[in-house]
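For reference, the structure discussed in these notes is given below.
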């Protein structure tokens with residue numbers, strides 16, 4: 001419970017920094033920190049494999065990619081902050097959050113989690129599920145990645 | 001170790017998602033907008049993992065695996081589009097990317 005409180009506060013602070021930092025690189029670093037904290041939250045929920053994948057794929061690959069693009073494009077200007085947009089956006093987000101809370105409070109959920117075996121969320125059980133029940137989505141995901149690779153190369157290459 | 005109650009995780013997920021939405025609406029920089037989308041995807045992943053733990057079923061975790069795959073593909077293609085647009089117009093402001101708007 002104490003661990004959850006610390007992680008929750010950290011993740012909210014870092015994600016607020018993502019939105020409020022004016023420098024893009026600072027935003028990216030805050031996002032990497034958020035992703036790490038969320039990975040630890042996954043660990044508290046008996047999802048070690050997904051937690052490690054989160055660090056590898058998100059905090060590793062995707063963040064490095066975003067940082068590379070930031071450095072490549074080198075956006076020099078620090079963006080202006082129109083106050084009207086900030087009020088409007090904050091209000092929209094607050095309204096959305098209130099909606100979520102109303103939805104959550106409407107039906108009481110069973111709070112106590114059932115005890116799960118130690119192997120829950122381990123590589124073995126994930127692989128078992130992935131290659132039996134989710135075999136078709138798994139193959140489709142591989143095709144999706146291939147299409148994404150080809151699309152990225154085609155889009156980003158210099159026009160001749 | 002017993003985790004915190006399910007509601008706490010769902011509320012945290014809702015907070016992170018709302019912050020992501022705010023980022024998409026507020027910011028005037030496509031890279032930050034893409035990062036806010038990643039933030040929203042992460043909030044959804046957190047809800048999936050929490051439900052998976054509290055229902056005692058692994059399906060949520062496998063779905064998070066697929067969400068990560070789609071997020072990676074989305075980030076790669078999005079960044080490639082950004083590079084391509086930046087090469088043509090020298091801007092990252094979505095206000096200047098309105099060629100298709102009528």
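Chains as they are written, first to last, in our numbering: chain L, 1 to 160; chain R, 1 to 102. Beta carbons: idealized from backbone N, C-alpha and C, even for Gly. Since we're looking at a predicted model, the values are computed, not measured.
Chain-ordered chain L contacts of residue i [CB-CB under 8 Å]
i: residue 103 of chain R; result: With chain R covering 1 to 102 only, the question about residue 103 of chain R has no answer from this structure.
i: residue 3 of chain R; result: 4, 44, 45, 46, 113
i: residue 50 of chain R; result: 45
i: residue 22 of chain R; result: 19, 89, 90, 92, 93
i: residue 72 of chain R; result: 57, 61, 62, 145, 148
Cβ of residue i within 9 Å of any chain L Cβ
i: residue 99 of chain R; result: no
i: residue 76 of chain R; result: yes
i: residue 44 of chain R; result: no
i: residue 59 of chain R; result: yes
i: residue 29 of chain R; result: yes
i: residue 53 of chain R; result: yes
i: residue 89 of chain R; result: no
Nearest neighbour of residue i, chosen from the options [CA to CA]
i: residue 84 of chain R; options: L:41, L:3, L:9, L:157; result: L:157
i: residue 118 of chain L; options: L:23, L:53, L:49; result: L:49
i: residue 24 of chain L; options: L:43, L:73, L:39; result: L:73
i: residue 49 of chain R; options: R:26, R:90, R:12; result: R:12
i: residue 42 of chain L; options: L:60, L:148, L:7; result: L:7
i: residue 88 of chain L; options: R:8, R:24, R:9, R:101; result: R:24
i: residue 57 of chain L; options: R:9, R:74, R:91; result: R:74
Extent of the continuous alpha helix (DSSP H) run through residue i
i: residue 58 of chain L; result: Unbroken run through residue 58 of chain L: none, as it is neither H nor E.
i: residue 103 of chain L; result: 83 to 106
i: residue 151 of chain L; result: 135 to 156
i: residue 82 of chain R; result: 59 to 89
i: residue 33 of chain L; result: 24 to 44
Neighbour flag for residue i against chain R, beta carbons, 9 Å
i: residue 55 of chain L; result: no
i: residue 118 of chain L; result: no
i: residue 97 of chain L; result: yes
i: residue 33 of chain L; result: no
i: residue 136 of chain L; result: no
i: residue 36 of chain L; result: no
i: residue 40 of chain L; result: no
i: residue 158 of chain L; result: yes
i: residue 52 of chain L; result: no
i: residue 82 of chain L; result: yes
Residues that residue i contacts on chain R, provided the C-beta gap is smaller than 7 Å
i: residue 1 of chain L; result: 4
i: residue 10 of chain L; result: Going along chain R, no residue has its Cβ under 7 Å from residue 10 of chain L, so there is no contact; the nearest lies around 11 Å.
i: residue 141 of chain L; result: 66, 69
i: residue 169 of chain L; result: Outside the shown range of chain L, which is 1 to 160, sits residue 169 of chain L, and nothing can be said about it.
i: residue 24 of chain L; result: 29, 31, 32
Supposed contact pair residue j and residue i - C-beta distance, whole angstroms, cut 8 Å
i: residue 31 of chain R; j: residue 68 of chain R; result: Their Cβ separation, rounded to whole angstroms, is 20 Å, which puts residue 31 of chain R and residue 68 of chain R out of contact at 8 Å.
i: residue 53 of chain L; j: residue 70 of chain R; result: Not really, about 14 Å apart at Cβ, beyond 8 Å.
i: residue 129 of chain L; j: residue 58 of chain R; result: 5 Å
i: residue 134 of chain L; j: residue 62 of chain R; result: 5 Å
i: residue 14 of chain R; j: residue 4 of chain L; result: So it is not a contact: roughly 15 Å between Cβ atoms.
i: residue 65 of chain L; j: residue 76 of chain R; result: 7 Å
i: residue 21 of chain L; j: residue 27 of chain L; result: 5 Å
i: residue 51 of chain L; j: residue 39 of chain L; result: 5 Å
Proximal chain R residues relative to residue i, where beta-carbon distance stays under 9 Å
i: residue 100 of chain L; result: 10, 11, 13, 14, 15, 17, 18
Contacts that residue i makes with chain L (C-beta to C-beta distance below 7 Å)
i: residue 26 of chain R; result: 19, 85, 86, 89
Closer than 8 Å at the beta carbon, the chain R residues around residue i
i: residue 69 of chain L; result: 31, 79, 82, 83
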